[in-house]
Amino acid sequence: MDAATGAAVAAAATGAAAATGATGAAVAAGASNKPQVVGRFAPSPSGRMHLGNAFSALMAWLSARSAGGRMVLRIEDLDPRASSRERAATLIDDLSWLGLTWDEGPHFQSERLDVYDEAVARLGEMGLTYPCFCSRAELHAASAPHASDGTYLYAGTCRGLGAEEVARKSALRTPAIRLRVPAADDPAGKIAWRDLGFGPQQEVLAEECGDFLIRRSDGVTAYQLAVVVDDCLMGVNQVVRGCDLLGSSARQTYLARLLGFEASAFGHVPLLVAPDGRRLSKRDRDLDLGALREAGVRPERVVGALAAAAGLVGAGTEAAAADLVGAFSWARIAVCRAEIVVDKDFLARPVG
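Counting from 1 along the sequence shown, just add 52 to a position and that's the residue number in this note's numbering.
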């Protein structure tokens, strides 16, 4: 780690909470008093919600509600390809149909650009960022995906560019912005945490992802930074999501610390798959909520099938989300860390 990076990390560890303003101080102070659990839904309006999305949402809701906690609804619509208010309204309606209520929101990321700009600027003032001119093709050619979520290990190509080279390249294309991570042998870059579903985890940032993006070259704030800023400022202290995002936890914890916040607790759940073993996606029309609702399937049947997949109820059970709060436990979820199959036959039975 260079001197600027080391000084910034040390400042974050010892007193950066005060530098983030009243909100950061409140979050840090609240964490020491064991605050009420605050979870969140954070769907992206890129298409109709499928059963995999619904499964993660149900587990997040049950985890918070079983602890007497609150839920925040946030629409992650920063990407222009996923910014449809019509699709966002459909996602919100699907959550309501499932019986998954929330206490705050919906917040739209597209209306919060100023807070992301502030965070990027703060990290830059700490000497932790630099412009990156590498294209996607160049990044992929330089290394293979390193993590389960497809993260590429950045080789640091643009890390040492001088001012003249940056100016020359900037005249040709707009750069992305990367965050420097500590060297592999620096303890500041070794992130350890206990996942609610997957147990003890540890990651060395320099070996797992390298310097990572916080702003894309098209000016869109990167996912890793936006969700950290939002979760911290909204008081979210428990993030429950699919295990394909387990690898993001270290980066998000590191960012939260740099910005002076208490990192959220993470709970990752298995991915739901179709009976033929394929992971569900928004292309799977037969297993999205739109198709199921059009077929007249009751929300209790969908919730029951998802709860059965998690081992919370027996197969073939119909249940309202509110009826499952007492049955939820992370111990049950942690038993199954592999992909789990949804009972499509149960969902396809005639409605009667």
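C-beta: ideal position from N, C-alpha, C; glycine also.
Please read all numbers here as calculations on a predicted model, not as lab measurements.
Could you check the C-alpha separation between residue 382 and residue 360 for me, to the nearest Å?
For this step, residue 382 is matched to residue 330 along the sequence shown. For this step, residue 360 is matched to residue 308 along the sequence shown. Roughly 15 Å separates the two Cα atoms.
Pull up the distance between the alpha-carbon of residue 274 and that of residue 92, whole angstroms please.
In the sequence shown, counting from the first residue as 1, residue 274 sits at position 222. In the sequence shown, counting from the first residue as 1, residue 92 sits at position 40. Roughly 19 Å between the two C-alpha positions.
Decide if the segment 135-150 is in contact with the segment 338-357; the criterion is three or more beta carbon pairs, one per stretch, under 8 Å apart.
Contact between the segment 135-150 and the segment 338-357 is present, because at least three Cβ pairs lie under 8 Å.
From the DSSP secondary-structure annotation, give me the bridge partner or partners of residue 242.
By one-based count along the sequence shown, residue 242 stands at place 190. In DSSP, residue 242 forms a bridge with 256.
When you compare only the Cα positions, how much space is there between residue 77 and residue 313?
As a first step, residue 77 is located in the sequence shown; it is residue number 25 there, counting from the start. As a first step, residue 313 is located in the sequence shown; it is residue number 261 there, counting from the start. Interpretation of residue 77 is limited by its pLDDT of 38, a score under 50 that renders its predicted location unreliable; no figure is taken from the coordinates.
Check this for me: beta carbons of residue 162 and residue 129, under 7 Å apart or not?
By one-based count along the sequence shown, residue 162 stands at place 110. By one-based count along the sequence shown, residue 129 stands at place 77. Yes.
Excluding the 5 residues preceding and the 5 following residue 154 in the sequence, name in chain order all residues of the same chain whose CB lies nearer than 6 Å to its CB.
Here residue 154 refers to the residue found at position 102 when the sequence shown is read from its first residue. Here the set comprises 123 and 125.
How big is the Cα-Cα spacing for residue 190 and residue 206?
Within the sequence shown, the letter at position 138 stands for residue 190. Within the sequence shown, the letter at position 154 stands for residue 206. Distance between the alpha carbons of residue 190 and residue 206: 11 Å.
Between which two residues does the alpha helix (DSSP H) holding residue 387 run?
As a first step, residue 387 is located in the sequence shown; it is residue number 335 there, counting from the start. Here the alpha helix (DSSP H) through residue 387 covers 382-387.
Is DSSP giving residue 370 helix, strand or coil here?
If you number the sequence shown from 1, residue 370 lands on position 318. Residue state, collapsed to three classes: coil.
Would you mind sorting residue 292 into buried or exposed? The rule is 16 or more other CB atoms within 10 Å of its CB.
As a working note, residue 292 is residue 240 in the sequence shown. When all chains shown are included, residue 292 counts as buried.
Would you mind working out which of 247, 209, 379 and 169 sits nearest residue 185, comparing C-alpha positions?
Taking the sequence shown and counting its residues from 1, the one referred to as residue 185 is at position 133. When only C-alpha atoms are compared, the closest one is 209.
Could you check if residue 223 is buried or exposed, using at least 16 other CB atoms within 10 Å of its CB as the buried criterion?
On the sequence shown, position 171 is the one that residue 223 refers to. Exposed, by the Cβ-count rule.
Would you kindly report the start and end of the unbroken alpha helix (DSSP H) that includes residue 294?
The residue labelled residue 294 in the question sits at position 242 within the sequence shown. First-last for residue 294: 290-294, but that is the beta strand (DSSP E), not the alpha helix (DSSP H).
If you draw a straight line from the C-alpha of residue 214 to the C-alpha of residue 220, how long is it?
Position 162 of the sequence shown, counted from the start, is the residue given in the question as residue 214. Position 168 of the sequence shown, counted from the start, is the residue given in the question as residue 220. Taking the straight line from one Cα to the other gives about 10 Å.
Under three-state DSSP, which class holds residue 351?
For the purposes of this step, residue 351 is taken as the residue at position 299 of the sequence shown. Residue 351: helix per DSSP, three-state reduction.
The beta strand (DSSP E) that contains residue 122, what's its start and end?
Counting from 1 along the sequence shown, the entry for residue 122 is found at position 70. Segment 122-127, the beta strand (DSSP E) holding residue 122.
Taking the C-alpha atoms as reference points, what is the distance between residue 399 and residue 178?
Taking the first residue of the sequence shown as position 1, residue 399 is located at position 347. Taking the first residue of the sequence shown as position 1, residue 178 is located at position 126. Their backbone Cα atoms lie some 53 Å apart in a straight line.
So, is residue 226 buried or exposed, given that buried needs 16 or more other C-beta atoms within 10 angstroms?
Translated into positions along the sequence shown, residue 226 becomes position 174. Classification for residue 226: exposed.
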